[in-house]
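Numbering (this note's numbering), first residue to last: 3 to 214.
Using N, Cα and C, we set each Cβ at its ideal position, and we do this for glycine too.
One structure is given here, and the rest of the page talks about it.
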Amino acid sequence: MLQDNYTRLYDYCVEHSTPMDEILYELDRETHLKTLAPRMSSGPIQGRILSLISNLVRPKYILEIGTFTGFATLNLVRGLQPDGELITVEVNAELQHISNKYFTKSGYSDRINQLIGNAKEIVPKLDYKFDLIFLDAGKKDYPIYYELILPKLRKGGIILADNILWSGKILDENMDKTSVILDEFNKQVVKDSRVENVILPLRDGINVIRKL
């Protein structure tokens, strides 16, 4: 019954929020048809949140760790300043043909720089001060990514760390390895005097972190 109510409420939220445009709709559909784990895509409600936050921040430089098929990318880039740049890092080169297709269709391809490879190797080499960072890559490396990206974030900048509730498994008495690491990550953030944060129980959870 609770799950039924959640589904109905989620559908209500989708129906009463600004809808996806045609390109996002096509990308979402292709992601569900052609990938093995379409749930990795942000989805319509989370996409709207990312777009709204980006438009509020008005970033010049955005970093995304974990492109997947580019759905979150195309929501984040909507708030980018006209002379800004979004750098997105993806380890799986096999997905690039989908993301590049929709980056081109969107008209934002000239402001999206997709890098293929290990983010732990790429991020330290990036010479930017980012205004907004979206972290949505391998969950077991979140504590490592956090320490890599925080120095790259300007004062007042925002990190959005996705999936930090891990389908509620972080509350399990016997947590799996990923849940343990995400729980440690959330504790790491809330104890860090360099930032302030709030966890939004949206979808799979987003930790919104602001650098002080």
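Inter-residue spacing [alpha-carbon to alpha-carbon] between residue i and residue j
i: Asn7; j: Asn188; result: 28 Å
i: Thr106; j: Ile118; result: 17 Å
i: Ile25; j: Ser53; result: 14 Å
i: Asn176; j: Pro84; result: 48 Å
i: Tyr12; j: Phe132; result: 32 Å
i: Ala235; j: Arg212; result: Residue 235 is absent from the structure shown; the chain starts at 3 and stops at 214.
i: Leu14; j: Thr20; result: Checking the displayed sequence, the identity of residue 14 turns out to be Tyr instead of Leu. Each residue's Cα considered, the two are about 12 Å apart.
i: Asp215; j: Thr9; result: Look at the range of the chain in this structure, 3 to 214, and you will see that residue 215 is not part of it.
i: Asp164; j: Ala121; result: 16 Å
i: Asn102; j: Val197; result: 34 Å
i: Ile100; j: Ile47; result: 21 Å
i: Arg41; j: Glu17; result: 19 Å
i: Arg156; j: Leu214; result: 9 Å
i: Gly86; j: Arg113; result: 7 Å
i: Ile166; j: Ile146; result: 15 Å
i: Ala39; j: Leu97; result: 12 Å
Endpoints, alpha helix (DSSP H) assigned at residue i
i: Ile124; result: 121 to 124
i: Arg50; result: 45 to 59
i: Arg31; result: 24 to 36
i: Thr71; result: No alpha helix (DSSP H) holds Thr71; DSSP gives it neither H nor E.
i: Lys179; result: 179 to 192
i: Lys127; result: Here Lys127 belongs to no alpha helix (DSSP H), and DSSP marks it neither H nor E.
i: Ile166; result: Premise fails: Ile166 is in no alpha helix (DSSP H) and is neither H nor E.
i: Ser101; result: 98 to 108
Within 8 Å, strictly: CB atoms of residue i and residue j
i: Asp143; j: Trp168; result: no
i: Ser56; j: Leu82; result: yes
i: Lys1; j: Ser181; result: As displayed, the chain neither begins before 3 nor continues past 214, which places residue 1 out of reach and without an answer.
i: Tyr104; j: Gly72; result: yes
i: Leu134; j: Ile160; result: yes
i: Val210; j: Leu162; result: yes
i: Leu78; j: Leu29; result: no
i: Gly49; j: Ala74; result: yes
i: Ile151; j: Val125; result: yes
Residues that DSSP places opposite residue i in a beta bridge
i: Phe132; result: Leu155
i: Val2; result: Here the chain comprises residues numbered 3 to 214, so residue 2 is not present and cannot be evaluated.
i: Lys213; result: Val197
i: Thr90; result: Glu66, Gln116
i: Leu137; result: Ile67, Ala163
i: Ile208; result: Asp164, Leu202
Run of the beta strand (DSSP E) containing residue i, from where it starts to where it stops
i: Tyr63; result: 63 to 67
Cβ of residue i within 8 Å of any chain C Cβ
i: Arg31; result: This model lacks chain C altogether; it includes just one protein chain.
Between the segment 130 to 143 and the segment 63 to 72, do at least 3 Cβ pairs fall closer than 8 Å?
Contact between the segment 130 to 143 and the segment 63 to 72 is present, because at least three Cβ pairs lie under 8 Å.
Contact between the segment 108 to 126 and the segment 88 to 95: three or more CB pairs below 8 Å?
These segments touch.
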